[in-house]
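Protein chains in written order, with the working numbering: chain A, 1 to 216; chain B, 1001 to 1216.
Below is one structure, written out as structure tokens; comments come after it.
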DNA sequence: CCCGCGCCTATCGTATACGAAAAACCCGCG
DNA sequence: CGCGGGTTTTTCGTATACGATAGGCGCGGG
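Set out below in structure tokens:
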């Protein structure tokens, strides 16, 4: 087992990321660096490094001398995110299914069950598990960059999912889709995986469009 | 005319980025933060923010307590980059061609001529112009995220192009391909744009494979 | 009464100094 | 030649200070 040492910057990055994705930090309002640094018990260097990363990631925007704010959500951006995911994820997942080792397969199944177990109680928890699941379907392809990109897009998408799909029966639909996806993936049925992932992402995008259009 | 204020972090980010892409900073050797900060005439805070961004961008890797190094190049990563570009750029460029305003079209043509003018003397200059050109073909689509992603992938790709294609007649091929691309783009011929961009990226990828396989 | 101007404060961006901890290096010893 | 221990280098993080900027507030003039 390899042990990993993590810098404060890294940890702050994840904490703030989760806060943004979960909607904990409101969109549009500026992030007070001193206050947040004090709250997290770190100084401003690691905090600022984390914020810089998050801006690069697309979750924050900054204006010189006015600080960082959470990037506002928009229907256009949601569409873009899903268009990109549709262009990348299905093929990547199909390819990864073919190349997955026994270990990869075990991890993917574990990710599925973790998502399954987390369901319906804590939305942030579900979001993390959902990302993990999608990433686990792609990672075995060995394409580092692609995997990172998929994860990044999943993070960006999750904000919209959390913000707009709490209500609904989407939970059930996604649930059965996930089951189908992992089954086909474990069966190494590339074509079906591709079709299912495409369908899953399209369906989520459509839900999002409906919800977003209605609420906004 | 809107004036933009830029932080030191931003400027350092660009400077270091160009150094990495141009191969100025050797792959694998650690980046001495104090030395680099002193050389750039800034303190370590903006430098570290820039380095954090560059890591997020995929150009650097960091190991806790051992600092940053330039991410080593690999044939696999080059393939990945071009696979992703092929999945995204052609359609995005075609779409943007349809929606480009007169101003967008003028800017795209300007980017083409800038690339044309810069050719064959200074490789770093060509690299920047090349990125600008590719980005200019995509930006008018109004898809911010997609444009950012295209630019990011172009940056990652440029390292390989600079490192492995200096010698060659590729210059000429790329040149006529660029001409064809901008012509079709300005003619709003989406199908042709898509085909040409696909062909251009494929050809570059193939060149890269041949060169990379040979040299490495 | 309303508008513009200047001050004031909060916050950001940056620099500097310092300490802790980890890694790298060196050097003498077996 | 390999190895262990101490020194040095470097990164990582903190604390602190200071200039610059933005935005708010009040005051005075129209």
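Ideal Cβ placement from N, Cα and C applies to all residues, glycine included.
- In this structure, the CA atom of residue 1205 of chain B is about 30 Å from the CA atom of residue 202 of chain A.
- Ranked by Cα distance from residue 1022 of chain B, the first of B:1210, B:1059, B:1199 is B:1059.
- By the neighbour-count definition (other C-beta atoms within 10 Å, threshold 16), residue 1034 of chain B is an exposed residue.
- Chain order gives the chain A residues near residue 1049 of chain B as 48, 49, 52, where near means a beta carbon separation below 7 Å.
- Listed along the chain, the chain B residues whose CB falls inside 8 Å of the CB of residue 45 of chain A are 1045, 1048.
- With a contact defined as Cβ atoms closer than 8 Å, residue 1064 of chain B and residue 6 of chain A qualify at about 6 Å.
- The three-state reading of DSSP puts residue 140 of chain A in helix, counting H, G and I together.
- The beta-carbon of residue 126 of chain A is placed no less than 7 Å from the nearest beta-carbon of chain B.
- DSSP places residue 61 of chain A in the uninterrupted beta strand (DSSP E) bounded by 60 to 63.
- Under DSSP, the beta-bridge partners assigned to residue 68 of chain A are A:62.
- Contact annotation: in the stretch 1075 to 1101 of chain B, residues whose CB is within less than 7 Å of a CB in chain A are 1077, 1080, 1081, 1084, 1087, 1088.
- Those residues of the stretch 1001 to 1029 of chain B placed with their C-beta closer than 7 Å to a C-beta in chain A are 1005, 1006, 1007, 1009, ordered along the chain.
- For residue 103 of chain A, no Cβ of chain B is located within less than 7 Å of the residue's own Cβ.
- Annotation: residue 1028 of chain B to residue 1071 of chain B spans about 7 Å, alpha carbon to alpha carbon.
- Residue nearest to residue 185 of chain A within the set A:78, A:136, A:4, A:31 is A:136 (criterion: CA-CA distance).
- Under the three-state reduction of DSSP output, residue 1030 of chain B falls in the strand class.
- No residue range can be given for residue 1003 of chain B, since it is assigned to no alpha helix (DSSP H) and is classified by DSSP as neither H nor E.
- Of B:1082, B:1076, B:1179, the smallest CA-CA separation from residue 1112 of chain B is found for B:1179.
- For residue 1165 of chain B, the three-state secondary structure derived from DSSP is coil.
- By the rule that beta-carbons nearer than 7 Å mark a contact, residue 64 of chain A touches chain B.
- 7 Å or more divides the Cβ of residue 17 of chain A from the Cβ of residue 42 of chain A.
- For residue 1143 of chain B, the closest Cβ of chain A is nearer than 7 Å.
- For residue 1193 of chain B, the secondary structure class from DSSP, reduced to helix, strand or coil, is helix.
- At a cut-off of 7 Å between beta carbons, residue 1033 of chain B makes no contact with chain A.
- Closer than 8 Å at the C-beta level to chain A, one finds these residues of the stretch 1134 to 1166 of chain B: 1142, 1143, 1144, 1145, 1146, 1148, 1149, 1156.
- For residue 1181 of chain B, the secondary structure class from DSSP, reduced to helix, strand or coil, is helix.
- Between the alpha carbons of residue 1109 of chain B and residue 1133 of chain B lies a gap of roughly 9 Å.
- At a C-beta separation below 8 Å, residue 58 of chain A has these neighbours in chain B: 1145, 1148.
- Straight through space, the alpha carbons of residue 13 of chain A and residue 1156 of chain B are spaced by roughly 23 Å.
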